[in-house]
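**Student:** Residue numbers for the sequence shown follow the numbering used here, beginning at 52 and rising by one.
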Amino acid sequence: YGVVQCWTTEAGVGQGINSEELGSLSKLGCGTTLSLVQALVKGGLSTVPRLWLVTNGAQAVPAHHPVIPGVAQSSVWGMGKVISLEHPELNCTRIDLDPEETYEVQADALFKEIWSEDSEDQVAWRGDGRYVARLVGSHHRQPVAQQADGKTQKPLSFRSGASYLITGGMGGLGLLVANWMVSKGAKHLVLLGRRSPDDAGIKKITELEMAGASVVVEIADVSDWESITGVLQRIDESNRPLGGVIHSAGMLSDGVLQNQSWSSFERVMAPKVQGAWHLHQLSQNQPLDFFVLFSSAASLLGSPGQGNHSCANAFLDGLAHYRRTMGLPGLSIHWGAVSQVGEAAERGADVRASKQGMGVISPAQVLESLELLMSGSDVEVGVVPIDWSLWQERVTQWRFLADWQETILEVAEPSKSDFLLKLEATQPNERRLLLVAHVRRQVANVLGISHPESIALETGFFDLGMDSLTSVELRNKLQSSLKRSLPSSLAFSYSTINQLVDYLAQKLNLTDTQQEDTELRSLDSYEEKSSELSDTSPRTEFELEASLLKELEELENLI
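Below, the structure is given as structure tokens:
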């Protein structure tokens with residue numbers, strides 16, 4: 052059984068919609084979904100229900116079905132990817148219905164999808180059938196100058212008589228792009244931000260002006276209609292018409308869904324959702340060369356703890372497609388973690404990316420990719436370095452990544468012996484110790500502790516520095532290695548190694564040997580056993596660690 056969330060389907064969109072109405076539609080979709088997920092997880096239900104998120108015309112499908120009138124609903128798809136990572140027990144599935152069909156046809160498609168037994172979790176129904184989402188490799192594999200497929204674009208350049216607007220223009224990423232644009236011929240830049248540039252920003256702007264560019268600094272909130280309208284009016288009055296938009300404004304407020312409030316979603320979504328919509332409305336009648344939206348890998352692949360960020364960027368992805376259906380330029384780029392510049396870099400995004408099996412993008416790679424994509428015709432592209440050897444399990448489980456199976460086989464290391472197989476092959480009275488060693492390693496991994504054995508069995512995880520994000524990461528790692536569904540509150544409910552092992556031992560139906568493992572022994576018998584251990588033949592890493600842990604537990608009991 053499960054829950055089918057259809058509130059989102061009521062969130063249509065029209066050209067005349069204002070930012071306040073768009074905010075209400077976002078709350079109708081993402082806000083209700085947030086409350087629903089929190090209720091389902093905290094409800095204490097004996098059987099966790101499945102969750103279906105339904106939208107209506109929110110996704111772009113092949114060229115013969117280009118219309119996406121439900122662009123305001125596209126944010127929910129970004130949230131769904133984070134739900135799947137934070138709460139895989141909900142088996143969250145996104146379904147996009149055909150906006151051109153009758154309610155009866157839509158209901159029939161929805162019924163078929165709910166009763167479908169396959170593992171697809173991103174589905175769109177259109178008049179001619181059922182479509183499923185796939186991540187495919189881009190044809191952009193080399194820099195422009197190296198491509199030899201006959202489709203090489205001309206080097207990108209900017210019109211000297213046009214103005215180019217960069218939102219988030221005083222941030223590290225915005226200034227990086229500004230410098231690149233000037234090097235490509237741009238003469239008039241408008242850098243927009245909510246705060247005045249800092250000393251480093253002032254220095255960069257001065258360098259741009261010394262290079263021959265005219266730089267206008269606008270202190271305004273892109274999510275405020277009156278403020279951004281004033282900015283566009285001043286550009287019109289400058290006699291240097293707007294030639295293009297780079298929308299890189301954004302903010303972060305990370306936290307797992309269970310700890311998030313709608314107000315934190317609104318703060319993160321405002322510059323992305325309302326801000327992008329304002330720019331779209333105010334520029335749609337101008338002959339722009341480009342309209343580039345800086346999205347994130349979070350809305351492409353999901354990112355635990357970034358539900359609001361994923362929602363916000365999924366709207367940008369939808370808007371790029373929406374503009375293309377209107378014959379307007381639109382490009383959404385899912386950037387991975389960028390090193391050295393931007394708020395994400397300041398917040399240690401490289402650490403987050405590494406834990407998720409992704410690398411970081413250098414500033415030079417950002418600019419090279421940006422030139423390549425702005426010279427092409429793609430609508431939505433991800434620029435994300437991925438270590439596929441660390442994605443083996445996710446690729447095999449997530450149909451969205453099905454096309455990358457061969458890549459995994461080529462680059463992944465041979466699969467190591469499955470932990471459960473080792474557990475089954477271990478003597479019953481040693482299994483708990485093997486499980487202790489395994490849990491210790493996982494805790495150490497998510498917390499960045501180099502010596503797992505240093506974690507005491509009764510030390511609280513949160514005393515070690517665990518937070519809500521790393522608790523989700525721990526749950527996911529254990530769920531993956533033990534092949535058992537585990538609650539999202541795992542680390543909160545069982546907050547020490549011993550407590551967690553007790554719980555997992557029950558889930559795994561391990562033989563109860565705790566009494567034997569913890570039985571007090573005399574020092575003489577302990578020393579005798581230690582002597583016997585030293586004479587044994589070489590053992591595997593798991594066996595050695597289990598034996599050592601057993602000795603340590605016996606020592607603790609003696610003390």
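Backbone N, C-alpha and C fix where the C-beta goes; we use that ideal spot for every residue, glycine too.
Computed from a predicted structure; not experimentally measured.
Excluding sequence positions up to five away, which residues of its chain have a Cβ less than 7 Å from the Cβ of Gln-197?
**Tutor:** Per-residue confidence for Gln-197 stands at a pLDDT of 42, beneath the threshold of 50, marking its modelled position as unreliable; the derived number appears in the next sentence. Once the five neighbours on either side are set aside, Gln-197 has no close Cβ partner at all.
**Student:** Suppose only complete runs of 4+ residues qualify. What are the alpha helix (DSSP H) ranges in the stretch 84-143, listed by chain order?
**Tutor:** Listed in chain order, the complete alpha helix (DSSP H) runs (minimum 4 residues) inside the stretch 84-143 are 126-137.
**Student:** Using 8 Å as the Cβ pair cut-off and three pairs as the minimum, do the stretch 268-287 and the stretch 325-338 touch?
**Tutor:** The answer is yes - the stretch 325-338 touches the stretch 268-287, with three or more Cβ pairs under 8 Å.
**Student:** Apart from the five residues just before and just after Ile-119, which ones in its own chain have a Cβ nearer than 7 Å to its Cβ?
**Tutor:** Correct list, in chain order: Gly-108, Ala-109, Gln-110, Ala-111, Gly-369, His-372, Tyr-373 and Thr-376.
**Student:** Using a Cβ-Cβ distance under 8 Å, would Phe-512 count as near chain C?
**Tutor:** Absence of chain C from the displayed structure is noted, only one protein chain being present.
**Student:** Beta-carbon within less than 7 Å of Ser-211's beta-carbon, same chain only, minus the 5 sequence neighbours each way: which residues are those?
**Tutor:** Contacts found: Gly-236 and Lys-238.
**Student:** Can you tell me the Cβ-Cβ gap for Ser-539 and Asn-310, rounded? I've got them flagged as a contact below 8 Å.
**Tutor:** Not quite, the Cβ-Cβ distance comes to about 11 Å (not below 8 Å), so this is no contact.
**Student:** Compare the Cα-Cα distances from Asn-290 to each of Gly-306, Gly-222, Asn-496 and Tyr-215 and report the closest residue.
**Tutor:** Selected option, being the one with the closest Cα: Tyr-215.
**Student:** Could you check which residue in Leu-367, Asn-69, Ser-167 and Leu-352 has the C-alpha nearest to that of Gly-131?
**Tutor:** Ranking Leu-367, Asn-69, Ser-167 and Leu-352 by Cα distance to Gly-131 puts Leu-352 first.
**Student:** Alpha carbon to alpha carbon, how far is Gln-335 from Arg-181? Give it in angstroms, no decimals.
**Tutor:** Arg-181 and Gln-335: Cα-Cα distance of roughly 32 Å.
**Student:** Determine the extent of the alpha helix (DSSP H) in which Ser-532 is found, giving its start and end residues.
**Tutor:** Looking at the DSSP string, the run of the alpha helix (DSSP H) that includes Ser-532 is 519-533.
**Student:** Leaving out five residues before and five after Val-105 in sequence, what residues of the same chain have Cβ atoms less than 7 Å from its Cβ?
**Tutor:** Answer for Val-105: Val-55, Gln-56, Cys-57, Thr-59, Thr-60, Ile-146, Leu-148 and Leu-161, listed in chain order.
**Student:** Go ahead and label Gly-516 buried or exposed: buried means 16 or more other beta carbons lie within 10 angstroms of its beta carbon, across all protein chains shown.
**Tutor:** Its Cβ having fewer than 16 others within 10 Å, Gly-516 is exposed.
**Student:** What are the complete beta strand (DSSP E) segments, minimum 3 residues, inside the stretch 309-384?
**Tutor:** Runs of the beta strand (DSSP E) inside the stretch 309-384: 341-347.
**Student:** May I have a chain-ordered list of the alpha helix (DSSP H) segments no shorter than 4 residues that lie completely inside the stretch 219-273?
**Tutor:** 223-234 and 250-261, all fully within the stretch 219-273.
**Student:** If you reduce the DSSP assignment to three classes, tell me which class Thr-59 lands in.
**Tutor:** Thr-59 falls in the helix class under three-state DSSP.
**Student:** Count the other C-beta atoms from every protein chain shown that fall within 10 angstroms of the C-beta of Ile-256, then say buried if there are 16 or more, exposed otherwise.
**Tutor:** Ile-256 comes out buried.
**Student:** If you reduce the DSSP assignment to three classes, tell me which class Glu-596 lands in.
**Tutor:** Caution is warranted here: a pLDDT of 49 is assigned to Glu-596, below 50, making its placement in the model unreliable, and no coordinate value can be reported.
**Student:** Quick check on the burial criterion: 16 or more other C-beta atoms within 10 angstroms. Buried or exposed for Gly-281?
**Tutor:** Under this definition Gly-281 is an exposed residue.
**Student:** Can you give me the Cβ contacts of Gln-416 inside the same chain, cut-off strictly under 6 Å, excluding the 5 residues immediately before and after it?
**Tutor:** Excluding sequence neighbours, Gln-416 sits near nothing in its chain.
**Student:** Check the C-beta distance from Lys-558 over to Leu-471 and give it rounded, since I have them as a contact under 8 Å.
**Tutor:** That pair is no contact at about 12 Å.
**Student:** Can you tell which of Leu-293, Val-411, Asn-142 and Asp-469 has the C-alpha that lies nearest to the C-alpha of Ile-165?
**Tutor:** Cα-wise, what sits closest to Ile-165 is Asn-142.
**Student:** Under 8 Å by Cβ, that's how I've got Val-319 and Leu-344 pegged, so tell me the actual separation to the nearest angstrom.
**Tutor:** Not quite, the Cβ-Cβ distance comes to about 15 Å (not below 8 Å), so this is no contact.
**Student:** Relative to the C-alpha of Ser-544, which candidate in Gly-511, Ser-440, Pro-100 and Phe-316 has its C-alpha closest?
**Tutor:** With distances taken between Cα atoms, Ser-544 lies closest to Gly-511.
**Student:** Does the distance from the C-beta atom of Ala-229 to that of Gly-219 stay below 8 Å?
**Tutor:** For Ala-229 and Gly-219, no; Cβs fall outside 8 Å.
**Student:** Taking only heavy atoms of the ligand HEM into account, decide whether any of them is closer than 7 Å to the Cβ of Tyr-554.
**Tutor:** Inclusion of the ligand HEM in the displayed structure is not the case, the ligand content being empty and no account of it being possible.
**Student:** Once the 5 residues before and after Gln-357 are set aside, which same chain residues still bring their CB inside 7 Å of it?
**Tutor:** Once the five neighbours on either side are set aside, the close Cβ partners of Gln-357 are Val-133, Asp-305 and Ala-349.
**Student:** Measuring alpha carbon to alpha carbon, tell me which residue in Leu-555, Leu-91 and Asn-69 is nearest Leu-308.
**Tutor:** Taking only the C-alpha atoms, the option nearest Leu-308 is Leu-91.
**Student:** For Gln-173, which of helix, strand or coil comes out of DSSP?
**Tutor:** Strand, per DSSP.
**Student:** Mark Leu-73 as exposed unless 16 or more other C-beta atoms lie within 10 angstroms of its C-beta, in which case mark it buried.
**Tutor:** Counting Cβ neighbours within 10 Å, Leu-73 comes out buried, since at least 16 surround it.
**Student:** Who are the near neighbours of Asp-172 in its chain, counting only those whose CB is closer than 6 Å to its CB and skipping five residues on each side?
**Tutor:** Closer than 6 Å at Cβ, skipping near neighbours: Thr-144.
**Student:** For Ser-354 versus Ile-384, is the C-beta distance shorter than 8 Å?
**Tutor:** For Ser-354 and Ile-384, no; Cβs fall outside 8 Å.
**Student:** Leu-76 by DSSP, collapsed to three states: which one?
**Tutor:** If DSSP states are grouped into helix, strand and coil, Leu-76 belongs with the helices.
**Student:** Pick out whichever of Ala-453, Ser-532 and Trp-455 has its Cα sitting closest to the Cα of Leu-474.
**Tutor:** The residue with the shortest Cα to Cα distance from Leu-474 is Ser-532.
**Student:** Are the beta-carbon atoms belonging to Asp-454 and Leu-382 less than 8 Å from one another?
**Tutor:** No. Outside cutoff.
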